[in-house]
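Using the working numbering, you'd call the opening residue of the sequence shown number 451 and step up by one each time.
What follows is a single structure, written as structure tokens, with notes after it.
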Amino acid sequence: MSRIESEIAVIDTEIAVIGGGIAGLSTALHVALRGVPVVVLESRQAGAAASGVNFGGVRRNGRALAELELAARAIEIWHRLPELVGNDCEYSVTGHLKVARNDDDMATMAAHAEAQAPYGCAVEMISRNALMARYPWFSDAAYGAAWCASDGQANPRLLGPAFARAARANGADIREHEPVAALEKDGDGFLLRCDSGLEVRARQVVNAAGAWGARVAGWLGEAVELWPMMPQMVVTEPAPYFIEPALGVVGGDVYVRQIPRGNIIFGGRSGTADLDEGFGHAMTEEALGALQRTALVIPRMAEMNIIRLWSGVEGCTPDQLPVLGPSATTPGVIHAFGFSGHGFCLGPGVGAVVAELALDGETRTAIDAFDIRRFQS
Ligand SMILES: Cc1cc2nc3c(=O)[nH]c(=O)nc-3n(C[C@H](O)[C@H](O)[C@H](O)COP(=O)(O)OP(=O)(O)OC[C@H]3O[C@@H](n4cnc5c(N)ncnc54)[C@H](O)[C@@H]3O)c2cc1C
């Protein structure tokens, strides 16, 4: 679709996307489905950064109210993945439990459940006795829970590549190992210069650079505070399947899911990362500590053997809401980064929203709370 002009590798396109995580790939697919030329420029491999290494939670339970409409739009797309990208990405509606440790947690979650209801998100409060009757494998540390039956989980390793394949099949030009080094205005549009020497001319640009999104915004003179968070994930050897729902404990230091093949995936505190290097590094001591903490809530975890751990880098904003919407300094640029630990669930919907912004100038989904101007005084 895009035109290669000469041997010095110049591409002309309508929309250039910086970053091939789920935000950028889903944008590419939704733009390509409208028949509009789009190029994705990804430093590494499509879907290999945060989008490919996360926990796999697809949930609305306990989510900030400002994100609920976008999450609902995303979940509607999650249900249509087989027809949209030819793969269900192991998406499964297992429900999600947010587990309380005390009365205060229960009261906070009950108030949030009430606030979520008008958004069509049904959350049921479960007493300790009811929780133990349903899930006898919890310890006494589980005091009760908020239960969202419509939540689920999926395999993050499958999602990005599935969107990349579908976007390519619909005409998107997805270029891997192609870091963008500079972005400048060029007449009515933009010129993107890649480390390889490739130049891309585009009428619009989407900044979907994840934890690196503030660097790209900085090229446009837009200051955003974005710090890297490096959650660490741990997986056990296969065990008989017993944890059907995905779950997290209030406070965020324990979250667990088990896949039907038997492996249990759980949060292992934090790894380390260097944004210039681009990778997260896992830390064994942290993982062992996390296993002990998880076993306080699910005693059977103490018997499990860890087989693998990893970490990834995510961009976190001060209010833990994404930056999603038009640039405040540069018409023609749309930001979609800083998902603050929630972007795997949201990703399929983010692309639909960005495609509408780019092609229609507006979106039917509420995104005002994500405006970049909230950080600019
Ligand atoms: C360990 C972990 C667990 C998580 N668990 C969950 C969860 O359970 N549920 C949930 O909803 N979310 C979760 N998240 C968050 C979720 O993974 C992210 O919010 C989401 O993947 C962000 O997608 P993205 O496309 O914005 O970023 P990324 O997937 O990071 O993609 C951004 C891409 O931009 C590329 N890039 C950056 N700069 C440039 C440049 N100059 N040129 C070219 N390419 C560039 C990068 O290489 C990268 O591939 C978790 C995150 C981590 C790290």
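Glycine included, C-beta positions come from ideal geometry on N, C-alpha and C.
Open item on the list: Along the chain, where does the beta strand (DSSP E) containing PRO681 start, and where does it finish?
Closed with: The residue you call residue 681 lines up with position 231 of the sequence shown. Per DSSP, the unbroken beta strand (DSSP E) holding PRO681 starts and ends at 681-686.
Task: First through last residue of the beta strand (DSSP E) which encompasses LEU676 - done: If you number the sequence shown from 1, residue 676 lands on position 226. Annotation: LEU676 is outside any beta strand (DSSP E) and is labelled neither H nor E by DSSP.
Task: Residue closest to PHE505, alpha-carbon to alpha-carbon, out of ALA482, LEU608, LEU479 and SER589 - done: On the sequence shown, residue 505 is found 55 positions in, with the first residue counted as 1. Considering only alpha carbons, the answer is LEU608.
Open item on the list: Suppose the cutoff is 6 Å on Cβ atoms and the five residues either side in sequence are ignored; what does the same chain contact list for VAL460 look like?
Closed with: Working through the sequence shown from its first residue, we reach residue 460 at position 10. Only GLU649 meet the Cβ criterion.
Open item on the list: At a cut-off of 7 Å, would you count SER542 as near ligand 1, judging by its Cβ distance to the nearest heavy atom?
Closed with: The sequence position of residue 542 within the sequence shown is 92, counting from 1. It does not: the Cβ of SER542 is nowhere closer than 7 Å to a heavy atom of ligand 1.
Open item on the list: By DSSP's criteria, THR722 is part of a beta bridge. Which residues make up the other side?
Closed with: For the purposes of this step, residue 722 is taken as residue 272 along the sequence shown, with counting starting at 1. Looking at the DSSP assignment, THR722 forms a beta bridge with HIS731.
Task: Distance between beta carbons of LEU741 and ILE756, contact taken as under 8 Å - done: What you label residue 756 is simply residue 306 of the sequence shown in a count that begins at 1. What you label residue 741 is simply residue 291 of the sequence shown in a count that begins at 1. With 8 Å as the limit, ILE756 and LEU741 qualify as a contact, their Cβ atoms being about 7 Å apart.
Open item on the list: In this structure, how does DSSP classify ALA659 when only helix, strand and coil are distinguished?
Closed with: The count along the sequence shown starts at 1 and reaches residue 659 at position 209. In the displayed model, ALA659 falls within coil according to three-state DSSP, outside both helix and strand.
Task: Close-in-space but distant-in-sequence residues of the same chain around GLN603 (CB under 7 Å, 5 per side omitted) - done: For the purposes of this step, residue 603 is taken as residue 153 along the sequence shown, with counting starting at 1. Excluding positions up to five away in sequence, the list reads GLY506, GLY507, VAL508, SER542, THR544, ALA696 and ARG707.
- [ ] Would you list the one or two residues that DSSP bridges to GLY602?
- [x] Taking the first residue of the sequence shown as 1, we reach residue 602 at position 152. In the DSSP secondary-structure assignment, GLY602 is bridged to VAL508.
Task: Integer Cβ distance of PHE794 from ILE472, believed to fall under 8 Å - done: On the sequence shown, position 344 is the one that residue 794 refers to. On the sequence shown, position 22 is the one that residue 472 refers to. That belief holds up - the Cβ atoms of PHE794 and ILE472 are roughly 7 Å apart, short of 8 Å.
Open item on the list: Can you tell me whether ALA595 sits near ligand 1, meaning its C-beta is under 7 Å from at least one heavy atom of the ligand?
Closed with: Looking up residue 595 in the sequence shown gives position 145. Of the heavy atoms belonging to ligand 1, none sits nearer than 7 Å to the Cβ of ALA595.
Open item on the list: Between which residues of its own chain and ALA591 is the CB-CB distance below 8 Å, once the five residues before and five after are set aside?
Closed with: Position 141 of the sequence shown, counting from 1, holds the residue named residue 591. Contacts found: ARG551, LEU746 and VAL747.
Open item on the list: Please return the same chain residues whose Cβ sits closer than 6 Å to the Cβ of GLY668, not counting the five positions on each side in sequence.
Closed with: Taking the sequence shown and counting its residues from 1, the one referred to as residue 668 is at position 218. A distance below 6 Å between beta-carbons, with the five flanking residues on each side excluded, links GLY668 to no residue of its chain.
Task: Host beta strand (DSSP E) of GLU463 (start-end) - done: Position 13 of the sequence shown, counted from the first residue, corresponds to residue 463. This sequence places Thr at residue 463; Glu is not what is there. Residue range 460-468 is occupied by the beta strand (DSSP E) that includes THR463.
Task: Short Cβ contact (8 Å threshold) for LEU670 with THR558 - done: Reading the sequence shown from its first residue, position 220 is the one you call residue 670. Reading the sequence shown from its first residue, position 108 is the one you call residue 558. No, Cβ-Cβ distance for LEU670 and THR558 is not below 8 Å.
- [ ] Have a look at the DSSP bridge pairing and note the partners of ILE756.
- [x] Residue numbering aside, residue 756 sits at position 306 when the sequence shown is read from its first letter. Under DSSP, ILE756 forms a beta bridge with THR686.
Open item on the list: Below 8 Å on the Cβ atoms is my contact criterion, and I expect ALA659 with VAL488 to pass it. Report the Cβ-Cβ distance as a whole number of Å.
Closed with: Position 209 of the sequence shown, counting from 1, holds the residue named residue 659. Position 38 of the sequence shown, counting from 1, holds the residue named residue 488. By a beta-carbon distance limit of 8 Å, ALA659 does not contact VAL488. Their separation comes to about 16 Å.
Open item on the list: Considering only the alpha carbon of each residue, which of HIS792, GLY775, VAL783 and GLY782 lies closest to THR815?
Closed with: For the purposes of this step, residue 815 is taken as the residue at position 365 of the sequence shown. Out of HIS792, GLY775, VAL783 and GLY782, GLY775 has the C-alpha closest to the C-alpha of THR815.
Task: Three-way DSSP call (helix, strand, coil) for SER476 in this model - done: Translated into positions along the sequence shown, residue 476 becomes position 26. SER476 carries a helical assignment under DSSP once its states are collapsed to helix, strand and coil.
Task: C-alpha gap between GLU492 and GLU694, whole angstroms - done: For the purposes of this step, residue 492 is taken as the residue at position 42 of the sequence shown. For the purposes of this step, residue 694 is taken as the residue at position 244 of the sequence shown. Those two C-alpha atoms are separated by around 35 Å.
Task: For GLU533 and SER827, the rounded distance between their alpha carbons - done: Here residue 827 refers to the residue found at position 377 of the sequence shown. Here residue 533 refers to the residue found at position 83 of the sequence shown. Those two C-alpha atoms are separated by around 44 Å.
- [ ] Return yes when the Cβ of VAL573 is within less than 8 Å of the Cβ of ASN511, no when it is not.
- [x] Against the sequence shown, residue 511 aligns to sequence position 61. Against the sequence shown, residue 573 aligns to sequence position 123. Pairing ASN511 with VAL573 gives a Cβ-Cβ distance under 8 Å.
- [ ] Please report the residue range of the beta strand (DSSP E) in which ARG636 lies.
- [x] Against the sequence shown, residue 636 aligns to sequence position 186. Arg is not the amino acid found at residue 636; the sequence shown has Asp there. Element bounds for ASP636: 630-636.
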